[in-house]
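Q: Pasting in a structure now, in structure tokens, and then I'll have a few things to ask.
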Amino acid sequence: MGLTSALHTALFGLSYNQKQIDVTAANVANANVAGYTTKSVSAHVYFDNGGNVSGILSTEIRRQVNEAIQSAYWGSLADANYSKTVAAYTERLDEIFGTIDNSSSLPSLMSDLTAGLSTLVNTPDSYAARQEVLSVADTLARQLNSSYELLQSMRQETDSLIRMQVGEVNQLLGQIELIDEKIEAAKAVGANTANLVDQRDRYLEQLSGYADISITQDGSGGLQINTRNGQMLYGDGHASSLSFDPTGTLGAGQPGGGITVTTYGGTRYDLGASSSSGSLMALLELRDDALVQAQAQLDEIAAQLSLAFSNVTVASEDATDGTDVGYELDLSGLQPGNTVSLRYVDSAGTTQTVTFVAVEDPSLLPLDGATTPTAGDTVYGIDISGGVPAGYVTQIIAALSATDLNVSDDGLGNLVVLGDTGTNTVVSSLSGNVTVTDPANQGLGLALFVDAGNGMSLYTGALEGGGQKTGFAGSIRLNPAVINDPSQLVIYETVPAANSGKDSSRPQYLLDALATTTITFDPAAGIGSGGDPFKGTMLDYVNQVVAFQGEQSEKAVLTSQAHETITSNLAIRYEESYAVDVDAELAFLIELQNAYAANARVMQAAKEMFDVLLNSV
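Below is the structure:
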């Protein structure tokens, strides 16, 4: 190595050492700055034809980041935020529904009502016993009201949070776009971009918690952010824009507005359909699914509780025509939502179940097969808006025309359904389920509750207006007529003469309706399925709903804890991959100082040798 080469090598070494010292000093100074990644200088040495060092390029500063761990950590943030949000709300749901041991919970109040009715059965003439039943029934209705309103307020809360988080996502995407502009500008003049990339990573980390996204770089190093199914959130240096219109008042059972993404190129898509995790997706699902389902369960409790007391079974009478036998049924008491049930064995020996549902709005027809909770039944709608039972019979005759049954009108507007001995078709049963309109002379049923949302009208389960059941938990009230006349709890007939105030028949009927009568509950509320709906007493169903909410909460909490553990572990590993090791950096500074001194000595030695050569000439 010549003196000139040695001098050049030392000079290049000093320059490289200085850059290393500067970067290492910056590492130590920023060791406690959140998100700062350890930096190092990348050097490339150039040699001349003689093998001597002709230059050192040391302008590139590299970040020390494990990109595999980084990607896994960012990916886990969406699941962690999703499950954390769901767990927080399902825990609140569990508190609203309460526990069986909680005195103010629905199961406890149902048990209190059962106990009150049992006392009234034993002492029907007791004024105190009647008042106790009314008091507990009123408390139960109010508990349903307040629970429903709490759920509704939670829906409005999630709607507001969606609006807020959409704004935060837009801000993050905007910040990423601004930083990318700075990165491109720095690249254009050969400046260092490592610290800018650090800042961008912090925004990407935050963004990853809102929705499950994929973050990649194209061939030129440009950032690309896509949703789960490949829709663009950011690309070509431009951010997409998210828009959301908060729902002023969320209708009962109705979904709220969605999140629309508009790309820089003008393409629009629904974020909810393009992502499945993250806090935004959790809020959307809670608002439109979990909380709506919880309200539907309250509605089902309120609806079946009301109908259990107010509806009575209208039995049919035997009817014959020659050798054909069957039943005759009076349809005059049908109201919207009331039903007629028919069971028969067809010519193939298969038992068939047919349910006719009364409606006043013919535009609802034909009805969907899932209108009733009964599994496997065939559903027909009957338009009763004309108020003429003979017209109802005509519709039923038309509906059953394809069967081998003999269906007719007895001439008085009553329905007659007979089997057919020629085809071995047998009618098993025919009955109606009708809501009583008067506290006396219509059987043992009593409309203990009314619908305040429809002018304190009777609850019949009508399908009109989106369905009377939807939102009924928020409007169920104790019937004012019964409050004003508690004797209705006992007096069930006035013709030909009022029954005795000591008669326990009606209290017993109400008690049985609550505690022993088996009801088929609507699986649309999330308990049971279409093929296997939940069947049990009112008490059974309420307990099942409370247990369901408890299980959902427990499952959500466990899932959240699992995701939080994974995310925390990845966060630690991620931080370890880029965090500054101060001790190592200080030790490296000492090495750099020694190297700097060595290069300086080489330069000094070269200078002295040049001096000797020059002086000897």
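Oh and the sequence shown: position 238 is 279 in the working numbering, straight run, nothing missing.
Beta carbons: idealized from backbone N, C-alpha and C, even for Gly.
Considering just the uninterrupted stretch of the beta strand (DSSP E) at D311, what are its terminal residues?
A: In the sequence shown, the residue the question calls residue 311 occupies position 270. 309-311 is the extent of the beta strand (DSSP E) around D311.
Q: Alpha carbon to alpha carbon, how far is Q338 from D553? Give it in angstroms, no decimals.
A: Sequence index remark: in the sequence shown, residue 553 carries index 512 (1-based). Sequence index remark: in the sequence shown, residue 338 carries index 297 (1-based). Distance between the alpha carbons of D553 and Q338 is about 22 Å.
Q: Within 10 angstroms of its Cβ, does I613 collect 16 or more other Cβ (buried), or is it exposed?
A: As a first step, residue 613 must be located in the sequence shown, where it is residue number 572. I613 comes out exposed.
Q: In whole angstroms, give me the CA-to-CA distance for N455 and L441.
A: Working through the sequence shown from its first residue, we reach residue 455 at position 414. Working through the sequence shown from its first residue, we reach residue 441 at position 400. If I take the Cα positions, the gap works out to 16 Å.
Q: Can the beta-carbon of S470 be found less than 7 Å from the beta-carbon of R384?
A: As a first step, residue 470 is located in the sequence shown; it is residue number 429 there, counting from the start. As a first step, residue 384 is located in the sequence shown; it is residue number 343 there, counting from the start. Contact flag set, yes.
Q: Identify, in the order they occur along the chain, each residue of the same chain with its Cβ nearer than 8 Å to the Cβ of L150, setting aside the five sequence neighbours on each side.
A: Numbered from 1 along the sequence shown, position 109 holds the residue referred to as residue 150. The beta carbon of L150 sits closer than 8 Å to those of V177, T180, L181, Q184, all from its chain and outside the five residues before and after it, given in chain order.
Q: Taking 7 Å as the cut-off, decide whether the C-beta atoms of G294 and G313 are in contact.
A: Start at 1 with the first residue of the sequence shown, and residue 294 comes out as number 253. Start at 1 with the first residue of the sequence shown, and residue 313 comes out as number 272. No; because the gap between Cβ atoms is not below 7 Å, this pair is not in contact.
Q: Would the beta-carbon of V398 fall within 7 Å of that of G422?
A: Reading the sequence shown from its first residue, position 357 is the one you call residue 398. Reading the sequence shown from its first residue, position 381 is the one you call residue 422. It is a contact, given that the beta carbons lie within the stated cut-off.
Q: What's the C-alpha gap between A252 and S373?
A: Within the sequence shown, residue 252 is the residue found at index 211, counting from 1. Within the sequence shown, residue 373 is the residue found at index 332, counting from 1. If you take the alpha carbons of A252 and S373, they lie about 57 Å apart.
Q: Compare the Cα-Cα distances from N122 to each of A431, E369, D166, V598 and report the closest residue.
A: Sequence index remark: in the sequence shown, residue 122 carries index 81 (1-based). If we check each option's Cα against that of N122, V598 comes out closest.
Q: Are the CB atoms of G494 and Y189 nearer to each other than 7 Å?
A: As a working note, residue 494 is residue 453 in the sequence shown. As a working note, residue 189 is residue 148 in the sequence shown. Cβ distance not < 7 Å, so G494 and Y189 don't count as in contact.
Q: Distance, Cα to Cα, T415 vs N143?
A: By one-based count along the sequence shown, residue 415 stands at place 374. By one-based count along the sequence shown, residue 143 stands at place 102. Approximately 32 Å between the Cα atoms of the pair.
Q: Give me, in chain order, the residues of the same chain whose beta-carbon lies closer than 6 Å to that of Q393; leave out the 5 immediate sequence neighbours on both sides.
A: As a first step, residue 393 is located in the sequence shown; it is residue number 352 there, counting from the start. Cβ within range, chain order: Y385, D387.
Q: Beta carbon of S282, beta carbon of D120: below 7 Å?
A: Counted from its first residue, the sequence shown places residue 282 at position 241. Counted from its first residue, the sequence shown places residue 120 at position 79. No, the pair does not count as a contact, with Cβ atoms beyond the cut-off.
Q: Since P165 and D544 should fall inside the 8 Å C-beta cutoff, what is the C-beta to C-beta distance between them, to a whole number of angstroms?
A: Residue numbering aside, residue 165 sits at position 124 when the sequence shown is read from its first letter. Residue numbering aside, residue 544 sits at position 503 when the sequence shown is read from its first letter. Their Cβ separation, rounded to whole angstroms, is 6 Å, which keeps P165 and D544 in contact under 8 Å.
Q: Check whether the segment 191-199 and the segment 556-567 touch, using three or more Cβ-Cβ pairs below 8 Å as the test.
A: no
Q: Who are the Cβ neighbours of G569 in its own chain at under 7 Å, not counting the five residues just before and after it?
A: Counting from 1 along the sequence shown, the entry for residue 569 is found at position 528. Cβ within range, chain order: F562, F575.
Q: With F205 and Y130 assumed to form a contact (beta carbons below 8 Å), what rounded beta-carbon distance in angstroms separates them?
A: Counted from its first residue, the sequence shown places residue 205 at position 164. Counted from its first residue, the sequence shown places residue 130 at position 89. Here residue 205 turns out to be Met, not Phe, going by the sequence shown. In fact, because the Cβ distance is near 16 Å, the residues do not count as touching under 8 Å.
Q: With burial defined as no fewer than 16 other Cβ atoms inside 10 Å of the residue's Cβ, what is the status of K596: buried or exposed?
A: Within the sequence shown, numbered from 1, the residue matching residue 596 stands at position 555. By the neighbour-count rule (16 or more Cβ atoms within 10 Å), K596 is not buried but exposed.
Q: Look at the Cβ atom of Q111, then the Cβ atom of T79, and state whether they are nearer than 7 Å.
A: Mapped onto the sequence shown, residue 111 falls at position 70. Mapped onto the sequence shown, residue 79 falls at position 38. Contact: no.
Q: Could you check if E108 is buried or exposed, using at least 16 other CB atoms within 10 Å of its CB as the buried criterion?
A: Walking along the sequence shown from the start, residue 108 turns up at place 67. Exposed: under 16 other Cβ atoms inside 10 Å.
Q: Using the C-alpha atoms, what's the distance from G76 back to R243?
A: In the sequence shown, residue 243 corresponds to position 202, counting from 1. In the sequence shown, residue 76 corresponds to position 35, counting from 1. So the two alpha carbons sit approximately 7 Å from each other.
Q: To the nearest angstrom, report how far apart A620 and A235 are at their CA atoms.
A: Position 579 of the sequence shown holds residue 620. Position 194 of the sequence shown holds residue 235. C-alpha separation (whole angstroms): 14 Å.
Q: Could you say which of R133, R103, N71 lies nearest to S594 if we only look at CA atoms?
A: Position 553 of the sequence shown, counting from 1, holds the residue named residue 594. Ranking the options by Cα distance to S594, first place goes to R133.
Q: Cα separation between E101 and V238?
A: Within the sequence shown, numbered from 1, the residue matching residue 101 stands at position 60. Within the sequence shown, numbered from 1, the residue matching residue 238 stands at position 197. Cα to Cα, E101 sits roughly 14 Å from V238.
Q: Can you round the beta-carbon distance between T257 and S315 to whole angstroms, since I take them to be within the 8 Å contact cut?
A: Sequence index remark: in the sequence shown, residue 257 carries index 216 (1-based). Sequence index remark: in the sequence shown, residue 315 carries index 274 (1-based). The beta carbons of T257 and S315 sit about 16 Å from each other, so the pair does not count as a contact at 8 Å.
Q: Does the Cβ of R309 have 16 or more other Cβ atoms within 10 Å, making it buried, or fewer, making it exposed?
A: The residue given as residue 309 occupies position 268 in the sequence shown. Exposed, because fewer than 16 other Cβ atoms sit within 10 Å of the Cβ of R309.
Q: If we cut at 7 Å on Cβ distances, does Y421 have a partner in chain B?
A: Checking the listed chains, one finds no chain B in this structure; it contains a single protein chain.
Q: Within 10 angstroms of the Cβ of Q336, are there 16 or more other Cβ atoms? Answer buried if so, exposed if not.
A: As a working mapping, residue 336 is identified with position 295 in the sequence shown. Its Cβ being crowded by 16 or more others within 10 Å, Q336 is buried.
Q: Which value, in whole angstroms, describes the spacing of the CA atoms of G307 and Y275?
A: Counting from 1 along the sequence shown, the entry for residue 307 is found at position 266. Counting from 1 along the sequence shown, the entry for residue 275 is found at position 234. So the two alpha carbons sit approximately 13 Å from each other.
Q: When the Cβ atoms of the segment 501-512 are set against those of the segment 527-543, are three or more pairs found closer than 8 Å?
A: no
Q: Which residue comes first and which comes last in the alpha helix (DSSP H) that contains T180?
A: Position 139 of the sequence shown, counted from the first residue, corresponds to residue 180. 168-229 is the span of the alpha helix (DSSP H), which, as asked, contains T180.
Q: Per DSSP, what kind of secondary structure is M151 in: helix, strand or coil?
A: Position 110 of the sequence shown, counted from the start, is the residue given in the question as residue 151. Residue state, collapsed to three classes: helix.
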